[in-house]
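**Student:** Quick one: the structure is below, and I'll ask about it shortly.
Number of protein chains: 2
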Amino acid sequence: MANNLINPRDLDFLLYEVLDLEALCARPRFAEHSRETFDAVLDTARGIAEEHLLTHRKKNDSEEPRVVDGKVVMIPEVKAAVQAIADAGFIAATKDAAHGGMQLPHTVGGAALAWFDSANQATTSYPMLTAGAADLIAKFGSDAQRAKFLPPMFEGKFLGTMALTEPDAGSSLSDVRTKAAPAGDGTYRITGTKIWISGGDHELTENIIHLLLARIDGAPEGVKGISLFVVPKRIVHDDGSSGALNNVQLGGIIHKMGWRGTTSALLNFGEHGPCEGYLVGEANKGLAYMFRMMNDARISVGRSATSMAYSAYQYSLEYARQRKQGRLPGEKDPLRPPVAIIEHADIRRMLLHQKATVEGALCLVLGCARLMDDEETAATPEERERARLLLEALTPIAKTWPSIAGQDAISNAMQILGGYGYAREYDVEQLYRDNRLNQIHEGTNGIQSLDLLGRKVVMEKGAAYKALAGAILASVADAATALPEHAAALKAAVDELNITTLTLGKAMMAEPARALANANVYLDCTSRIVISWLWLRQAMVATRALAGSPSESDRLFYGGKLRAAQYYFAWELPQTGPMHTLLRSLESTPYEMAVDQF
Amino acid sequence: MANNLINPRDLDFLLYEVLDLEALCARPRFAEHSRETFDAVLDTARGIAEEHLLTHRKKNDSEEPRVVDGKVVMIPEVKAAVQAIADAGFIAATKDAAHGGMQLPHTVGGAALAWFDSANQATTSYPMLTAGAADLIAKFGSDAQRAKFLPPMFEGKFLGTMALTEPDAGSSLSDVRTKAAPAGDGTYRITGTKIWISGGDHELTENIIHLLLARIDGAPEGVKGISLFVVPKRIVHDDGSSGALNNVQLGGIIHKMGWRGTTSALLNFGEHGPCEGYLVGEANKGLAYMFRMMNDARISVGRSATSMAYSAYQYSLEYARQRKQGRLPGEKDPLRPPVAIIEHADIRRMLLHQKATVEGALCLVLGCARLMDDEETAATPEERERARLLLEALTPIAKTWPSIAGQDAISNAMQILGGYGYAREYDVEQLYRDNRLNQIHEGTNGIQSLDLLGRKVVMEKGAAYKALAGAILASVADAATALPEHAAALKAAVDELNITTLTLGKAMMAEPARALANANVYLDCTSRIVISWLWLRQAMVATRALAGSPSESDRLFYGGKLRAAQYYFAWELPQTGPMHTLLRSLESTPYEMAVDQF
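From first to last, the protein sequence lines stand for chains F and Z. Following the numbering used here, the numbering of the first sequence begins with 1 at its first residue and continues without gaps. Following the numbering used here, the numbering of the second sequence begins with 1001 at its first residue and continues without gaps.
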């Protein structure tokens, strides 16, 4: 516990007991792997988290990157940590062995990243953005592009970015205005401004590879006219060396409330001279490519939120065990020594909220990674299709719920530390500031809500929704005998959700804007049902394990799992009741509120 | 709206239309006052807020106070603003004319402070802590102490602090260890350490007057052995001048997440030489005196939270009207220009949540100030007693609910600004950081919850609870014809609360610790019912006004009030349903969770 990151016993529980990670070793893609190699990878990740990342989490916040003489200056620990992550192979952890990757399951890659994220999200962002950028090149680029860019990106010699957002096109990518003019030699000349580019400029590496959205001259308006380009900071020669600057000008960095260690840059492309860009895949398909990556990125945001909240939970748990303050109700003798604050019921309430949140969220985001593996490598087309549909439905939830519930959890950690929680001398306030970004980037809560209700629920005649409801009901059936109360409560919740979903689906056909107006509540409601499902699954594993002969420490661990499940079913799931009422009534006060009435 | 502080139309509405402020002018204490003098005072407050406070809100955050050569250095704007507030008489706004005060109602004093708090809470803290410290001297000090300390404090020549907390006595004041040894001449020698002392050291004024809790040698243990002392930074001569340093040593300042402009000091008393303290009132009665002040301070925390959230609301409202992004559902033509984001239903949902929260909270905290006036100056003993009881019940709610719901509201403001909301270049992220303290200081949420359920609900055979329920039912009766649905919903909510309260009351007799374990939920539940009540009252005023011939702008304003009431009744009040279920079942998972199960 001493590192205040992830509870390793819980990580093992989720990976091996709930998600059956070892079963993946039977698949051809992972034939080289075994529980031993997975554990070795995760031990390495934990070591890097403890030795290279946690050690400068606070420093990377208090001494944030700054621009000096046009260059980004940052503390040296960042470069060392990025290199350690790259050297251990983590940028290419899940990539094909043929491309130089470790060909690990996404589930293992995600668990490794949970260690990194929990220790120092800002520094971890550099290699992980690079992995995402490399993914686009690997999937949609040409052989030549792959050969040229992937090896240095995997080695951490070049880092990567995603350059999507513009000053007037944040949530609305159809308004992207950056231009790409054909140069006549197959390359393009890029002009335009991108903002909020994470890792957009720095001196960590000799080169930066931007994956950028732009419009080719004459392309259609809107989303159908956006193409994807590779735009390097320096021209890359055929021998792999980096040459002249490519006219990607740093316009400034944004000073954020948190997540300060990751530069957020304003970049001007082609302002002072030609800026070369290389089309990735086909013209005008950029947004579709980007969305393939964005789905992974959204689950990554959920994992980030989960990991930060997990760290805050462990931090406040340790504090609550050590800090002495006050006496229990009924104790009148002021000479009796104060108790550890974990003895106070309200402290335990806040700790249990945190436990239920972070362990539920970790189950969700690792479960999504497991579905990514299934989508790619499950034995039958039916299993792969089922995984794809479940992922479609779960992605907006995995992006959003951990970022919101995780912020509440971190707020509880702060409350447990009291004034110290609010002081920069301690770690929790930074996690509170850092995590708040997760509700905004990679699609705001509002965007995710529309994605869930307006797209995912109705897509393919409701196939994704049905896959989700079916998966939940399968767990209900499994738990019906051993945990009848929870099973019945979850069954009832799904029945209610079916009615609400049907009601909204009909309303969407009649008056879409009104029916979608409360999508945010629908997302919250569905998320709580999904998390209840994941707690039922954890509780079933714990129940079966307790029926064996667990060790004393395992007995406590599984008992804690049952308590957390009980907490979630008693405290969190019932809050869906009023949500169903509100959603089914198509409550329209916000929708109808006149702008001048505010 | 340009200043993004409080909506002046709303402030007028609450003061004059809902709380009937003018009626106070009929009371002897306020006979010199009229609506004109009240308005003049509030105009002055607004002017100071705009010209002296808002102008350095951001600078006081980014250039926070620091210690240089043992002295606290801060930006010069703070001193100028503090002096402007003092010069306009606001430190003594509500104090007796005989003591040099303006003898204004608390309701007006509170409204003036709302202007200051909304503009710059950190700077406003210095004069307002002084007002609180002066209050203790005025109420419990000797004539000599009043004559010596009050005039320079009212003039802002000396500033004041509350020195309660110690490193091992935060929430638990019974563990205060600071000592006071009789010096033989009627004064005491103070030794000990205080922490988190807001305004504890600075160079704004020639002297600082600490109101400090300590134990006289031989005093009883626990809360019955705590006395209150005046401890000046410099010895004050009989002619009012400040002399030698009094051995109050600055041990350091704490670096906070927000509210940075107010120093939070660690102070060592008497470490390097004798530190003189002067007993206030009787020995061993310090905590009772302090609690008299603390009740006011708790309402002030609620007002602070309200004001910050109000400023964030106005800021995001203006942004939402100006920022263009995206198109409405159903709009397929990418050539159509983007709409102002206030056109998006989810943005209006977040704005309406903010409006319902901040206008409801302002009604609550100004309503509490009105009750303070009634407690002191209402015509009959019955009215004064009723006000006292209502205040007892409402104080923990006024402290807590605005700090929690206000943080959610500020979070919504941030969400509306998107990435810009997260950037330090804009104002909202500072308000998010600043307000988070309000859930911690002056008694945490947990302390307030225990105060409500464990003390206020059961005190005097339930008299405070009955007064609150009676006041709510009177409003229900008033609204039964004009707003039957809201009236019925609120009546049902009170009926439910009665049952829940009775259930918990019985349980407290049987097993107090278990019955109090969910006090946090009880506070949340009761708060929502109280805010619904205040929205019903606002809605009734609006309904009556609309039945007249309001101007077009008033028609929109009152219509907005009705929408906000509708929002609160449809979106927020129903969330009490699952809370009642949980509370009545005495759900005990957190209470029973074993420490080793986490």
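In this text, a Cβ means the ideal position worked out from N, Cα and C, and glycines have one as well.
1. With respect to the alpha helix (DSSP H) encompassing Y1465(Z), which residues constitute its N-terminal and C-terminal limits?
2. What residues of chain F sit near Y1522(Z), judged by a beta carbon separation below 8 Å?
3. Just tell me which of L15(F), R27(F), F154(F), P65(F) has its CA closest to the CA of A84(F).
4. CA-CA distance, H56(F) and R260(F)?
5. Would you say Y319(F) and I416(F) are within 9 Å of each other, going by their C-beta atoms?
6. Can you give the Cα-Cα distance for M1001(Z) and F598(F), rounded to whole angstroms?
7. Taking 9 Å as the CB-CB limit, is V1595(Z) close to chain F?
8. Report the residue from D1020(Z), I1299(Z), K1058(Z) whose alpha carbon sits nearest the alpha carbon of S1034(Z).
9. When you compare each of G1160(Z), L1159(Z), D1175(Z) to E1166(Z) by their alpha carbons, which one comes out closest?
10. Check whether the Cβ atoms of L1582(Z) and N1518(Z) lie closer than 9 Å to each other.
11. Helix, strand or coil: which one does DSSP assign to I1075(Z)?
12. At what residues does the beta strand (DSSP E) containing V1236(Z) begin and finish?
13. So the candidates are Q1145(Z), C1525(Z), P1127(Z), P1028(Z); which of them puts its Cα closest to the Cα of L1159(Z)?
14. In chain order, which continuous runs of the beta strand (DSSP E) of length 3 or greater are located wholly inside the stretch 1047-1116 of chain Z?
15. Three or more C-beta pairs closer than 8 Å, one from the stretch 1244-1261 of chain Z and one from the stretch 415-430 of chain F: is that the case here?
16. Are the C-beta atoms of D1201(Z) and some chain F residue less than 9 Å apart?
17. Tell me whether F1013(Z) is buried or exposed, calling it buried when 16 or more other Cβ atoms sit within 10 Å of its Cβ.
18. Just list the residues that DSSP pairs Q249(F) with in beta bridges.
19. Just to confirm before moving on: does the CB-CB distance between K399(F) and I531(F) stay below 9 Å?
20. Roughly how many whole angstroms lie between the Cα atoms of T1094(Z) and V1108(Z)?
21. In the DSSP assignment, what are the bridge partners of Y1278(Z)?
22. Taking contact to mean 3 or more Cβ pairs, one atom from each stretch, closer than 8 Å, check whether the stretch 401-420 of chain F and the stretch 371-388 of chain F are in contact.
23. In chain Z, what lies closer than 7 Å to G326(F) by C-beta?
24. Beta-carbon of L1550(Z) versus every beta-carbon of chain F: anything under 9 Å?
25. Between which two residues does the alpha helix (DSSP H) containing M600(F) stretch?
26. I want to verify the contact list: residues of chain F whose CB lies under 9 Å from the CB of M1128(Z), in sequence order.
27. Apart from the five residues on each side of it in sequence, which residues of its chain come closer than 7 Å, Cβ to Cβ, to A1265(Z)?
28. Going along the chain, which residues of the stretch 1354-1378 of chain Z sit with their C-beta nearer than 8 Å to a C-beta in chain F?
29. I'd like the list of long-range same chain contacts for P151(F), defined as Cβ closer than 7 Å, with 5 residues on each side in sequence excluded.
30. Out of N1435(Z), F1569(Z), L1371(Z), which has the shortest C-alpha to C-alpha gap to P1105(Z)?
31. Could you tell me if V1078(Z) is buried or exposed, where buried requires 16 or more neighbouring beta carbons within 10 angstroms of its beta carbon?
32. Tell me whether S344(F) sits in a helix, a strand or coil according to DSSP, three-state version.
33. Closest to T262(F) by CA distance: which of Q538(F), L129(F), L164(F), V231(F) is it?
34. For R563(F), which three-state DSSP category applies?
35. What in chain F is Cβ-close to W1535(Z), meaning under 7 Å?
36. Using a cut-off of 9 Å between C-beta atoms, extract the partners of P512(F) located in chain Z.
**Tutor:** On the basis of the coordinates in this document:
1. 1459-1479 is the span of the alpha helix (DSSP H), which, as asked, contains Y1465(Z).
2. Result: empty, since nearest Cβ-Cβ is about 11 Å, beyond 8 Å.
3. Nearest of L15(F), R27(F), F154(F), P65(F) to A84(F), Cα basis: F154(F).
4. So the two alpha carbons sit approximately 12 Å from each other.
5. Yes, Cβ-Cβ distance for Y319(F) and I416(F) is below 9 Å.
6. Residue confidence is low: M1001(Z) scores 43 on pLDDT, short of 50, so the model does not pin down where it sits. No coordinate-derived value is stated.
7. Output row for V1595(Z): interface = yes.
8. If we check each option's Cα against that of S1034(Z), D1020(Z) comes out closest.
9. Ranking G1160(Z), L1159(Z), D1175(Z) by Cα distance to E1166(Z) puts D1175(Z) first.
10. Between L1582(Z) and N1518(Z), the CB-CB gap stays under 9 Å.
11. Looking at I1075(Z) - three-state DSSP - the assignment turns out to be coil, as it is neither helix nor strand.
12. Where V1236(Z) is concerned, the enclosing beta strand (DSSP E) stretches over 1234-1236.
13. When each option's Cα is compared against that of L1159(Z), the closest is P1127(Z).
14. Within the stretch 1047-1116 of chain Z, the complete beta strand (DSSP E) runs of at least 3 residues fall at 1066-1068, 1071-1073.
15. Result yes; three or more Cβ-Cβ pairs closer than 8 Å.
16. Under the Cβ distance rule, D1201(Z) does not count among the residues neighbouring chain F, no pair being separated by less than 9 Å.
17. In the assembly as shown, F1013(Z) is a buried residue. Its beta-carbon has 16 or more other beta-carbons within 10 Å.
18. Paired residue(s): N268(F).
19. Contact: no.
20. So the two alpha carbons sit approximately 8 Å from each other.
21. When DSSP reads this structure, Y1278(Z) sits in a beta bridge with V1230(Z).
22. Here the stretch 401-420 of chain F makes no contact with the stretch 371-388 of chain F; the two share fewer than three CB pairs at distances below 8 Å.
23. At a C-beta separation below 7 Å, G326(F) has these neighbours in chain Z: S1171, S1172.
24. The displayed chain sequence assigns Pro, not Leu, to residue 1550(Z). P1550(Z) does not count as touching chain F.
25. Outside the modelled stretch of chain F, which goes from 1 to 598, sits residue 600(F), for which no answer is possible.
26. None at all; the shortest Cβ gap to chain F is about 19 Å.
27. Excluding residues up to 5 positions away in sequence, I1197, G1200, D1201, L1250, I1253 lie with their Cβ nearer than 7 Å to the Cβ of A1265(Z) in the same chain.
28. Taking 8 Å as the Cβ-Cβ cut-off against chain F, the residues of the stretch 1354-1378 of chain Z that qualify are K1355.
29. Taken in chain order, the residues that qualify are G100.
30. Of the candidates N1435(Z), F1569(Z), L1371(Z), L1371(Z) places its Cα closest to the Cα of P1105(Z).
31. Buried is the call here.
32. The amino acid at residue 344(F) is misidentified as Ser; the sequence shows His. In this structure, H344(F) counts as coil in the three-state DSSP scheme.
33. Out of Q538(F), L129(F), L164(F), V231(F), L129(F) has the C-alpha closest to the C-alpha of T262(F).
34. For R563(F), the secondary structure class from DSSP, reduced to helix, strand or coil, is helix.
35. In chain order: nothing, as chain F lies at least about 12 Å away.
36. Near P512(F) (Cβ distances below 9 Å), the residues of chain Z are P1329, G1330.
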